[in-house]
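Participant: Handing you a structure now.
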Amino acid sequence: MHVDMNAFFASVEQQVNPSLRHRPIAVIGAHKRTVITTASYEARAYGVKVGMTVPEAKKLCPDIIFVAGDNKRYTDTCTRLVRLYTNYTPLVEVYSIDEAFLDIMGSLCLFNSPEDIALQIKRKIRKNFGLTCSIGVGSNKLLAKLASNMKKPDGLTIIHPEDVSEILEKLPVSTLCGIGSRLEMHLEAMGVKTCGELGRFPVKELKRKFGIIGERLHQMGLGIDESPVVPVEDEPDAKSVGHSMTLDKDISDNESIERYILQLSEMVGRRLRRGQYSGRTVALTLRYSNFHTFTKRRTIKEYINGDFDIYLVSLDVLRLIRLKYAVRLLGVSISNLVKDYGQIPLFKKDRDRQSVVQTMDEINDRYGEFSITRARLLDRYPHKGVIAPAWRPAGVRRVNYQ
Ligand SMILES: [Mg+2]
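Okay, structure coming up:
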């Protein structure tokens, strides 16, 4: 089940301040040259969209009311929403501030049907929060998210397994979570416009063109998604957070290895920050072409969760290793975790780095993974300007190397 709050920030503001209800409002940042982060449905009717500047929105809708966003209010509401979801299943993945995946497989014996759970959740969100949401139900995360997107606002859409192929047949590929405009363009050039066509396209060709995500694209075209719902935030006893990756082909040059490590560090950092974790032991796992696998780790004094900090420590670990064979798998993980570390760095350059990371997270939360990344990763993965290294449905998993 995928729960997507409708016009979340704007709706929360309308709840807090009744005079804003039923009126066109837009939530903006506090600084002067800000853009709109959410518009109420009343404002959307005038064509006001996320990302517009204040004058642009005013031109379309002269009566629009601008409200400075209050992030704490939204994170608090998000936390309370998650608490509500956990009445129905402990498996809740907070996908972004206004979206969550619920694995309700184990709860079905307690309720009549998925629809029953969805309706109860919608009712409670309306009653307790005064907010509406769109809920999608499907046999995996890909389909549930697709379903929630089908009816907004206040929707409930269930995709039954027997209808999947019919629904996907005519559906444009860009409708799937993770396929952005650039990837759409590449696929169109190959004659693939719909999910049906994507599913039938020879997987070999997809792999040749897109590398490791080729297989994944093939599965997406068929509506297959094996990625689990990962309730990182609800697991206070998380011992480590890690990602590993079997490489496209075996590599032995340091430059390529470092780039993969950067990508993995980005994935690990993003997961850590989602769960508000920081850690201070970084482990690097290597598997040689002959399948010999080993892990080396390093513990530092400071708790970290920034991509680049994790990357730098990983490189220190890498320097301890003298490569004997080509590498076929790389993994980065971090352990010795604490929650809500919240230490403000002493030095300005570290604070700057932290605010870059925060800003990148916000952009990727809002516009989809990999909307922004390090230029170095774009260079390494020419076709991946669209699908994120930390892109969730592509195989999020917790890896405990220990
Ligand atoms: Mg939403």
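Last residue of the sequence shown: 442 (the working numbering), numbering continuous.
Glycine included, each C-beta is placed from N, C-alpha and C at the ideal position.
Computed from a predicted structure; not experimentally measured.
In the segment 176-220, which residue ranges form an unbroken alpha helix (DSSP H) of at least 4 residues, counting only runs that do not cross its ends?
Facilitator: With a minimum length of 4 residues, the continuous alpha helix (DSSP H) runs that stay inside the segment 176-220 are 181-188 and 204-210.
Participant: Less than 8 Å between the beta carbons of residue 91 and residue 75, yes or no?
Facilitator: Mapped onto the sequence shown, residue 91 falls at position 51. Mapped onto the sequence shown, residue 75 falls at position 35. Yes.
Participant: With C-beta atoms as the reference, is residue 234 less than 8 Å away from residue 249?
Facilitator: As a position in the sequence shown, residue 234 is number 194, starting the count at 1. As a position in the sequence shown, residue 249 is number 209, starting the count at 1. Not in contact: residue 234 and residue 249 (Cβ atoms no closer than 8 Å).
Participant: Run the proximity test for residue 133: is its beta-carbon closer than 7 Å to any non-hydrogen atom belonging to ligand 1?
Facilitator: As a working note, residue 133 is residue 93 in the sequence shown. Residue 133 Cβ: outside cutoff for every heavy atom of ligand 1.
Participant: Just verifying my parser: in three-state terms, what is the DSSP assignment at residue 169?
Facilitator: Within the sequence shown, numbered from 1, the residue matching residue 169 stands at position 129. In the structure shown, residue 169 sits in a helix (DSSP, three-state: H, G or I).
Participant: Under a Cβ-count criterion, where at least 16 other Cβ atoms within 10 Å of its own Cβ denotes burial, should residue 357 be classed as buried or exposed?
Facilitator: Walking along the sequence shown from the start, residue 357 turns up at place 317. Answer is buried; the Cβ neighbour count reaches 16.
Participant: For the segment 97-114 against the segment 237-248, are there 3 or more C-beta pairs whose distance is under 8 Å?
Facilitator: Touching, no, given that fewer than three Cβ pairs across the two stretches are closer than 8 Å.
Participant: Ignoring anything shorter than 3 residues or poking outside the segment 49-122, list the beta strand (DSSP E) runs there in chain order.
Facilitator: Fully enclosed beta strand (DSSP E) runs of 3 or longer: 65-68, 76-79 and 105-108.
Participant: Using the Cβ count rule (16 or more neighbours within 10 Å means buried), how would you classify residue 163?
Facilitator: Sequence index remark: in the sequence shown, residue 163 carries index 123 (1-based). Exposed, by the Cβ-count rule.
Participant: For residue 351, collect the residues of the same chain with a Cβ closer than 7 Å to its Cβ; drop the 5 residues on either side in sequence, then sort them by chain order.
Facilitator: Here residue 351 refers to the residue found at position 311 of the sequence shown. Closer than 7 Å at the Cβ level, and outside the excluded window around residue 351, lie 301, 302 and 305.
Participant: Can you look up residue 13 in the DSSP assignment and give me helix, strand or coil?
Facilitator: A question about residue 13 goes unanswered here, because the residues of the chain that appear run from 41 up to 442.
Participant: Output the distance between the C-alpha atoms of residue 402 and residue 246, rounded to the nearest integer angstrom.
Facilitator: The residue given as residue 402 occupies position 362 in the sequence shown. The residue given as residue 246 occupies position 206 in the sequence shown. Cα to Cα, the separation comes out at about 31 Å.
Participant: Are the beta-carbon atoms of residue 374 and residue 282 separated by less than 8 Å?
Facilitator: To locate residue 374, count along the sequence shown from 1; it is residue 334. To locate residue 282, count along the sequence shown from 1; it is residue 242. In this structure, residue 282 lies closer than 8 Å to residue 374 by Cβ.
Participant: So, are the CB atoms of residue 65 and residue 85 less than 8 Å apart?
Facilitator: In the sequence shown, the residue the question calls residue 65 occupies position 25. In the sequence shown, the residue the question calls residue 85 occupies position 45. Cβ atoms of residue 65 and residue 85: not closer than 8 Å.
Participant: Confirm the yes/no value for this check: CB of residue 139, any heavy atom of ligand 1, distance under 7 Å.
Facilitator: Position 99 of the sequence shown, counting from 1, holds the residue named residue 139. Flag set: Cβ of residue 139 near ligand 1.
Participant: Hey, how far is the Cα of residue 109 from the Cα of residue 169?
Facilitator: Reading the sequence shown from its first residue, position 69 is the one you call residue 109. Reading the sequence shown from its first residue, position 129 is the one you call residue 169. The straight-line gap from Cα to Cα measures roughly 18 Å.
Participant: If I measure Cβ to Cβ from residue 78 and keep anything under 6 Å in the same chain, skipping five residues before and after, which residues do I get?
Facilitator: For the purposes of this step, residue 78 is taken as the residue at position 38 of the sequence shown. Cβ neighbours of residue 78 beyond the five flanking positions: 47, 49, 50 and 67.
Participant: How many angstroms separate the CA atom of residue 294 from the CA atom of residue 348?
Facilitator: Counting from one through the sequence shown, the residue named residue 294 turns up at place 254. Counting from one through the sequence shown, the residue named residue 348 turns up at place 308. Looking at the two C-alpha atoms, the distance is approximately 17 Å.
Participant: Here's the rule: buried if 16 or more other CB atoms are within 10 angstroms of the residue's CB, otherwise exposed. What is residue 265?
Facilitator: Position 225 of the sequence shown, counting from 1, holds the residue named residue 265. Classification of residue 265: buried, given that the 10 Å Cβ count is 16 or more.
Participant: Throw me the rounded Cβ distance for the residue 136 and residue 390 pair, which I believe falls under 8 Å.
Facilitator: By one-based count along the sequence shown, residue 136 stands at place 96. By one-based count along the sequence shown, residue 390 stands at place 350. Incorrect: roughly 26 Å between the Cβ atoms, too far for contact.
Participant: Roughly how many whole angstroms lie between the Cα atoms of residue 139 and residue 43?
Facilitator: As a first step, residue 139 must be located in the sequence shown, where it is residue number 99. As a first step, residue 43 must be located in the sequence shown, where it is residue number 3. For residue 139 and residue 43, the distance between alpha carbons rounds to 6 Å.
Participant: Use the C-beta contact count for residue 230: other C-beta atoms within 10 angstroms, 16 or more gives buried, fewer gives exposed.
Facilitator: Locating residue 230 in the sequence shown gives position 190, counting from the first residue. Per the 10 Å Cβ criterion, exposed.
Participant: So which of 80, 413, 334 and 107 has the shortest CA-CA distance to residue 71?
Facilitator: Taking the first residue of the sequence shown as position 1, residue 71 is located at position 31. The candidate whose alpha carbon is nearest that of residue 71 is 107.
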